[in-house]
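Each residue of the sequence shown is one higher than the last, beginning at 2 in the numbering used here.
Glycine is no exception: its CB is placed at the ideal position from the N, C-alpha and C atoms.
Quantities reported herein were computed from a predicted structural model and do not represent experimental measurements.
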Amino acid sequence: MLRRTLFLEKCRQLLRLEEFKEQVFAGLDSLVAEALDRALESRELSVEEAEVLLSTLGPEFQVLLMVADWVRRRRVGETVTFVINRNINFTNVCQVRCGFCAFSRPPHASDAYLLRPQTIAERAAEAWKAGATEICLQGGIHPEIGFEYYTEVLRVVKARVPEVHTHAYSPMEVYYAAEKAGIDVGEALKALRETGLDSMPGTAAEILDDRVRAVLCPRKLSVERWVEVMKAAHRLGIPTTSTMMYGHVDSARHRAEHLALLRSLQKETGGFTEFVPLSFIHPNTPIYLEGLAKAGATGLEDLKLHAVARLMLQGWVDNVQASWVKLGPKLAQAALYAGANDLGGTLMEENISRAAGATAGQHMPASEFIRTIRDAGRIPAQRTTTYQIIKVFKK
2 MLRRTLFLEK CRQLLRLEEF KEQVFAGLDS LVAEALDRAL ESRELSVEEA EVLLSTLGPE
62 FQVLLMVADW VRRRRVGETV TFVINRNINF TNVCQVRCGF CAFSRPPHAS DAYLLRPQTI
122 AERAAEAWKA GATEICLQGG IHPEIGFEYY TEVLRVVKAR VPEVHTHAYS PMEVYYAAEK
182 AGIDVGEALK ALRETGLDSM PGTAAEILDD RVRAVLCPRK LSVERWVEVM KAAHRLGIPT
242 TSTMMYGHVD SARHRAEHLA LLRSLQKETG GFTEFVPLSF IHPNTPIYLE GLAKAGATGL
302 EDLKLHAVAR LMLQGWVDNV QASWVKLGPK LAQAALYAGA NDLGGTLMEE NISRAAGATA
362 GQHMPASEFI RTIRDAGRIP AQRTTTYQII KVFKK
């Protein structure tokens, strides 16, 4: 009986899907319609198809969002998640000096800082007491700290708050720390895991194209090295997020190729927990002030990227986050109708986007996440870093 009921429901879904396509695909550009049809049938999009979808306007753009929302509902349902966390940027000293960053300082600048491990542990304890389940640790590439600092931070935090999840160190930080210690990335990650690393942010990706990186962040690790760190982490069972920072010197093609690379890597390792589009915050950044970069992505570009990510990554990375820090809470809420199913974390403090000119603030309380999600007609839920549900907030 149950099997027959499931079969009938599947038939009803297919009928609704065919009705949906008949109603909304009429009159669309044929390339757009073909790409969206493939996505609705859970077939993989090519780079060329993703590029076409990222360039849509007018009715094609509207239907793209509808299809992304449909696929989101099919893949992850009506629940929208958030995590109660604290972000700690432990140093603003950085020798890499990326063109998109307004946060970094040289070592002897008057406002340069480096937090002691004990200070970081105190902040982690404060966050845990306030209900946080995650501490996110990232900083600049400080020339005067070695591998021991990174392990000591983890050791001290875990000694103070053993239950907290430590989401720490970008691939750039791991690569730099390993190189400075004279060990390979795998050895470095093993040592970090043994001293308390639970998961890693998939930042430092920016755009995974070395030609773009040569303009944007020429001293940062190459695409090959970024992939190497991610693979090593996943082999060791260390989950990571995946990201893209877009809206500067990149094109729709670069974004499509970036998504394809992430999908390929996920097929191989299965280690990504989510995809986080990071819209470039431009006002105070060197690359923008020098006239080399655009003034960030437009709102339509933001929504299109979330939508295409949902379609491109479906079945491989099914959690797509809308970053309220980058988009602002209102556009992040709109992205819930463009394929996103997560709104990120409470943060409690945030310095990097704010230094670049972001105006969304440093902290968003859980109550505001719940209000925003409910207003979008979705079901709010608090999650862990790795997307286990902690609490569903029913009305």
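- Under a 10 Å Cβ-count criterion, A128 is classified as buried, with 16 or more other Cβ atoms of the shown protein chains found around its own Cβ.
- Shown here, S56 sits in coil according to DSSP, grouped into three states, outside any helix or strand.
- In the pairwise beta carbon analysis, the region 322 to 340 is classified as touching the region 269 to 288: at least three pairs are separated by under 8 Å.
- For A160, the CB contacts under 8 Å within the same chain, skipping 5 residues up- and downstream, are A122 in chain order.
- Sixteen is the threshold: since fewer than 16 other Cβ atoms of the shown chains lie within 10 Å of the Cβ of K268, the residue is exposed.
- Check the Cα spacing between Y150 and each of P163, Y170, N88: the tightest is with Y170.
- Here I288 is buried: its Cβ has 16 or more other Cβ atoms, across all protein chains shown, within 10 Å.
- Three or more beta-carbon pairs drawn from the region 286 to 301 and the region 87 to 102 are found closer than 8 Å, and the two stretches are therefore classed as touching.
- Rounded to whole angstroms, L55 and V72 show a C-alpha spacing of 17 Å.
- By the neighbour-count criterion, in which 16 or more other beta carbons inside 10 Å mark a residue as buried, Y247 falls on the buried side.
- If the five residues before and after A382 are omitted, its C-beta is found closer than 6 Å to the C-beta atoms of T80, T82, I390, V393, all from its own chain and listed in chain order.
- Counting every other CB atom within 10 Å of its CB across the protein chains shown gives E207 a total of 16 or more, marking it as buried.
- In its chain, beyond the 5 residues on either side, M313, L314, W317 have a beta carbon closer than 7 Å to the beta carbon of R264.
- Contact annotation: H168 and I136 have beta-carbon atoms nearer than 8 Å.
- Listed in chain order, the non-local C-beta contacts of L58 below 8 Å within the same chain comprise L301, local neighbours out to five positions each way being set aside.
- If the five residues before and after D211 are omitted, its C-beta is found closer than 7 Å to the C-beta atoms of S223, V224, all from its own chain and listed in chain order.
- Taken in chain order, the complete beta strand (DSSP E) segments of 3 residues or longer contained in the region 86 to 128 are 86 to 90.
- The C-beta distance from N86 to G346 rounds to 4 Å, short enough to fall under 8 Å.
- CA-to-CA, the gap between S43 and T270 works out to about 21 Å.
- Beta bridge pairing from DSSP links M349 with no other residue.
- Following the DSSP letters along the chain, one finds V175 inside the alpha helix (DSSP H) bounded by residues 172 to 182.
- Across the structure, E180 and A110 are spaced so that their CA atoms are roughly 25 Å apart.
- For the pair A69 and T241, the Cα-to-Cα distance works out to about 24 Å.
- Nearest neighbour of F91 by Cα position, chosen from E45, R75, A40, I146, turns out to be I146.
- In the assembly as shown, T299 is an exposed residue. Its beta-carbon has fewer than 16 other beta-carbons within 10 Å.
- C-alpha of K331 to C-alpha of L190: approximately 38 Å in a straight line.
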